[in-house]
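Student:
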Amino acid sequence: MRYQATVNAFKKEGYSGSQAEDLMIKNVRLADKARTVFINECVDEAPIVKIALSIGPFGATLAPAQEFDGYYPPPYGPMGYSETESTRNSFDEEDTEGEQTSIDALSQFHLDRLLVFARNAEAWEKIDIIAFETIPLMREAVAIRKAMLGLGNALATEKNIRIVDKAWWMSFVFPAGRFPQKSIGGQHRTVHDILHNVFSLAMTSDNKPLPIPTGIGINCTAPKHLFGLLQEFHHVMAGLHNLSPSHPWLVLYPDGGDSYDIKTCSWKVSSEDAKRSWAIDVTDALKVVLVQQECRTVWGGIVVGGCCRAGPDLIGELRGQIGPLSFLTGRQRET
415 MRYQATVNAF KKEGYSGSQA EDLMIKNVRL ADKARTVFIN ECVDEAPIVK IALSIGPFGA
475 TLAPAQEFDG YYPPPYGPMG YSETESTRNS FDEEDTEGEQ TSIDALSQFH LDRLLVFARN
535 AEAWEKIDII AFETIPLMRE AVAIRKAMLG LGNALATEKN IRIVDKAWWM SFVFPAGRFP
595 QKSIGGQHRT VHDILHNVFS LAMTSDNKPL PIPTGIGINC TAPKHLFGLL QEFHHVMAGL
655 HNLSPSHPWL VLYPDGGDSY DIKTCSWKVS SEDAKRSWAI DVTDALKVVL VQQECRTVWG
715 GIVVGGCCRA GPDLIGELRG QIGPLSFLTG RQRET
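This note's numbering puts the first residue of the sequence shown at 415, with every later residue one more than the last.
1) On the DSSP bridge assignment, give the partners of F546 in chain order.
2) Let me make sure I understand the geometry here. Which of S432, L444 and I694 has the alpha-carbon closest to that of I541?
3) Among all the DSSP beta bridges, which residues are the ones paired with S619?
4) Please name the residue, chosen from P726, I626, K596 and N422, that lies closest to K580 on a Cα-to-Cα basis.
5) Hey, quick one: how far does the beta strand (DSSP E) through S673 stretch, first residue to last?
6) Pick out the complete beta strand (DSSP E) segments inside the segment 456-519, 3 residues or longer, and give them in chain order.
7) With a 10 Å radius around its C-beta and 16 neighbouring C-beta atoms as the bar for buried, classify V421 as buried or exposed.
8) If I632 and L666 are in contact, beta carbons under 8 angstroms, what's the gap, nearest whole angstrom?
9) Is it a yes or a no for the segment 636-648 touching the segment 587-602, going by three-plus beta-carbon pairs under 8 angstroms?
10) Leaving out the 5 sequence neighbours to the left and right, which residues in its chain are closer than 7 angstroms to P471 when beta-carbon positions are compared?
11) Given that a residue counts as buried once 16 or more other Cβ atoms are within 10 Å of its Cβ, and exposed if not, what is N621?
12) When you compare each of E686, T697 and C634 to Y417 by their alpha carbons, which one comes out closest?
13) Please report how far the alpha carbon of L615 lies from the alpha carbon of R559, in whole angstroms.
14) Is V717 helix, strand or coil when you go by DSSP?
15) Which value, in whole angstroms, describes the spacing of the CA atoms of R745 and G715?
16) Under the three-state reduction of DSSP, which class applies to V705: helix, strand or coil?
17) Does the Cβ of S430 have 16 or more other Cβ atoms within 10 Å, making it buried, or fewer, making it exposed?
18) I'd like the list of long-range same chain contacts for M617, defined as Cβ closer than 6 angstroms, with 5 residues on each side in sequence excluded.
19) Out of I462, A423, P668 and H661, point me to the one whose CA is closest to C721's CA.
20) Could you compute how far the alpha carbon of P478 sits from the alpha carbon of T628?
21) Does the pairing of the segment 594-607 with the segment 512-531 give three or more beta-carbon distances under 8 angstroms?
22) Suppose the cutoff is 6 angstroms on Cβ atoms and the five residues either side in sequence are ignored; what does the same chain contact list for F593 look like?
23) Work out the CA separation of P492 and G734 for me, nearest whole Å.
24) Identify every residue that forms a DSSP beta bridge with N633.
25) Assuming F531 and L467 form a contact by the criterion Cβ under 8 angstroms, report the distance between their Cβ atoms to the nearest whole angstrom.
26) So what does K682 bridge to, in DSSP terms?
27) Does R527 pass the burial test, meaning 16 or more other C-beta atoms within 10 Å, or should it be called exposed?
28) Measure how close the beta-carbons of V712 and M651 come, nearest whole angstrom, since I'm counting them as under 8 angstroms.
29) Less than 8 angstroms separating the beta-carbons of W692 and G725?
30) Please report the straight-line C-alpha distance between R747 and G428, rounded to a whole angstrom.
31) Quick one: using the 10 Å Cβ neighbour count with 16 as the cut-off for buried, is N534 buried or exposed?
32) Kindly indicate which three-state DSSP category H661 falls into: helix, strand or coil?
33) Indicate the three-state DSSP secondary structure (helix, strand or coil) for D687 in the structure shown.
34) For D483, which residues from the same chain have a beta carbon less than 6 angstroms from its beta carbon, with the 5 sequence-adjacent residues on both sides left out?
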């Protein structure tokens, strides 16, 4: 829920701040109502249904959308998207001030949005998971960790907020199978770079360690790229597991295989063959992790599903494919 919504975005359309917050909170109520209706309609034993608060990246609020490229205007990045100029989404290595200013601005952006929900006791209690999605930049991942630290501080100091621990994950996007952020030299940052950034125990803010997410993964990425990416994710996490006490869930929800054109704001539909093989392709990629001996020691569990253009039919097929797998014997399986 609320992937793109921010108070400032609503204000630009003529809504007041309070109206904007009411609209954002309304989504939580609608999700909770849908959950109740679904549970009541279940003939057999009702499943556990959780509500995830969808928090898109800063780039999702821009026009054209920048969650797949990460061209953020100052102070959020070195420069915004341009059709005429050469663009970049990373700061020079020497520009540590610009990098830190960007992290601080992105952190405040995410914290402000989180507090809209946290300060509404009714909505906050209905939210089970916070999902930071489609992250295209490593510094935004750091900013999110800092925002979660700020949220914890707010929960501890504001008397009208009840402290409720939430599971939270960060999922990254890999258009064309590569992470959008590039070095000044033009090299794409790697899965190794991302995960060491997310699970670093050395990062602090005001002398406090930045929190580590409950889950990590991939979303809004074509299934054909998952095989290699999951190999990298598992290999890096297996190494990090020996250095860090974290035991994250793997979160995987690729797109339906269609590609989005940010200029025309339209979808290019994938072939019928790709649609027919979608669930098989996702399951086969997932097996890359499942066949590893240390799977259960590296990952706390696995969440698998679909993102953009992966509708109910594809999800139903996916559930049929992964249903027979016994990779989480003794653990909870989520779809």
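A virtual CB, placed ideally from N, CA and C, is assigned to each residue, including glycine.
Tutor: Taking the structure as given:
1) I469 and M584
2) L444
3) K622
4) I626
5) S673 to D675
6) 466-469
7) buried
8) 6 angstroms
9) yes
10) E481, T548, I549, P550 and E554
11) exposed
12) C634
13) 11 angstroms
14) strand
15) At R745, the pLDDT of 39 sits below 50, so the modelled position is not reliable and the matter cannot be decided from this model.
16) coil
17) exposed
18) L624
19) P668
20) 31 angstroms
21) no
22) H602 and R603
23) 45 angstroms
24) Y667
25) 6 angstroms
26) S673
27) buried
28) 5 angstroms
29) no
30) At R747 the pLDDT is 39, less than 50, meaning the model places this residue with poor confidence; the figure from the coordinates comes in the next sentence. The straight-line gap from Cα to Cα measures roughly 44 angstroms.
31) buried
32) coil
33) helix
34) P594
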